[in-house]
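Peer 1:
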Amino acid sequence: MIDKLSKYGKIFSSSLAEELGVSEVTIRSDLKKLEQQGFLKRVHGGAVSLRPHRYDPQFQEQIAVDVEEKKRIARKAVTFVEKNDVIFVDSGSTTLFFVEELLKSPPINLTIVTNSLYVINTVVQHPTIKLVVLGGYFQYSTMNFLDLEINPFFERYHVNKAFMGVNGIDEIGYYSSTLLEAETKRLIIKSSPKVFILASSSKIFKKSLVLVDRWQGTETLVVSTKDREQLLKLKMVEREDKFTILNSGPLGDPDWRD
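Heads up, the sequence shown is in this note's numbering, so the first residue is 848 and it goes up one at a time.
1. So, under 8 Å CB-CB, K1080 and V1059 are touching, yes? Tell me the CB distance rounded to an integer number of Å.
2. In chain order, what residues of the same chain lie with their CB nearer than 8 Å to the CB of R922, ignoring the 5 residues before and after it?
3. In chain order, what residues of the same chain lie with their CB nearer than 6 Å to the CB of G939, ignoring the 5 residues before and after it?
4. When you compare only the Cα positions, how much space is there between F945 and T926?
5. Under 8 Å by Cβ, that's how I've got K857 and V895 pegged, so tell me the actual separation to the nearest angstrom.
6. For S853, write down the residues that DSSP places opposite it in a beta bridge.
7. Apart from the five residues on each side of it in sequence, which residues of its chain come closer than 6 Å, Cβ to Cβ, to L950?
8. Taking V1042 and E1066 to be in contact with their CB atoms under 8 Å, please state how far apart those CB atoms are, rounded to whole angstroms.
9. In the DSSP output, what is I1051 paired with across the bridge?
10. Give the C-beta separation of T1025 and V1057 to the nearest angstrom, bearing in mind that I take them to be a contact with Cβ-Cβ under 8 Å.
11. For T975, does the count of other Cβ atoms within 10 angstroms reach 16, so buried, or fall short, so exposed?
Okay, structure coming up:
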């Protein structure tokens, strides 16, 4: 168990039980003992390493907040991916959940373009998916590559949909934490005819350091929130035809637009 944990960063009780030919009850008991000895931390369905590799996608999942909410956003967002699509996937925990959901049943002839190390490490496990990596300066805080000279890249690769993460959104537009990241996001969004902004409720009406762009009216904002007041404020913006809001949250009406 410890060897597998060192290799993969996370182990699952069901897989271990099947591999070792014992019950999950036995596995959970063993994991409890190992946790008491300081070898691991138990989580739902298994255990994670106390020292996860920062480049491992599972590390991004471990430190993510509002996990169930972000998974609902991911399930909604993947419904917009179709056969033969070439999509850009931004960095962030929500976009990582989006990729993992997408790869459960990927459309035929899908190409994923990304600058996220987490997304790269996830997609490489699925060799049937075409993967194109956008390089540049590596930003450790977000584990992604940033480059202001990417126009030639998008002249060679036609991306028809972009799924973007943000640090905040309000009635004006959407925000990022650094100038270089904001500039890179702006260039990517400009090159894509369809843009999907994935934002958890903690990002709604939150301003970050740099405004990426104002709402242009072509974006689709995918959120998941129980807060009707937040949505009503955003709906006031939508009535002015600024953007489309899709709420996958557990409200009485599961989707404002459907």
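By construction, the Cβ of each residue, glycine as well, lies at the ideal position given by its N, Cα and C atoms.
Source: prediction; values computed, not measured.
Peer 2: So, from the data block:
1. Here residue 1080 corresponds to residue number 233 of the sequence shown, with the count starting at 1. Here residue 1059 corresponds to residue number 212 of the sequence shown, with the count starting at 1. The C-beta separation of K1080 from V1059 comes to about 20 Å, leaving the pair out of contact by the 8 Å criterion.
2. As a working note, residue 922 is residue 75 in the sequence shown. So the qualifying residues of the chain are E948 and S1095.
3. As a first step, residue 939 is located in the sequence shown; it is residue number 92 there, counting from the start. For G939, where only same-chain residues beyond five positions count, the Cβ hits under 6 Å are G1012.
4. Position 98 of the sequence shown, counting from 1, holds the residue named residue 945. Position 79 of the sequence shown, counting from 1, holds the residue named residue 926. For F945 and T926, the distance between alpha carbons rounds to 10 Å.
5. Here the question's residue 857 lines up with position 10 in the sequence shown. Here the question's residue 895 lines up with position 48 in the sequence shown. The beta-carbon distance between K857 and V895, rounded to whole angstroms, is 5 Å. This is short enough to meet the 8 Å contact definition.
6. Numbered from its first residue, the sequence shown carries residue 853 at position 6. None; S853 has no bridge partner.
7. The residue given as residue 950 occupies position 103 in the sequence shown. Close CB contacts of L950 within its chain, under the 6 Å cut and outside five residues either way in sequence, are with H973 (chain order).
8. Residue mapping note: residue 1042 aligns to position 195 of the sequence shown, counting from 1. Residue mapping note: residue 1066 aligns to position 219 of the sequence shown, counting from 1. Rounded, the Cβ-Cβ distance is 5 Å, consistent with contact.
9. Taking the sequence shown and counting its residues from 1, one reaches residue 1051 at position 204. BP columns for I1051 point to I1016.
10. For this step, residue 1025 is matched to residue 178 along the sequence shown. For this step, residue 1057 is matched to residue 210 along the sequence shown. Here T1025 really is in contact with V1057; their C-beta atoms are around 7 Å apart, less than 8 Å.
11. As a working mapping, residue 975 is identified with position 128 in the sequence shown. Exposed is the label assigned to T975, since fewer than 16 other Cβ atoms lie within 10 Å of its Cβ.
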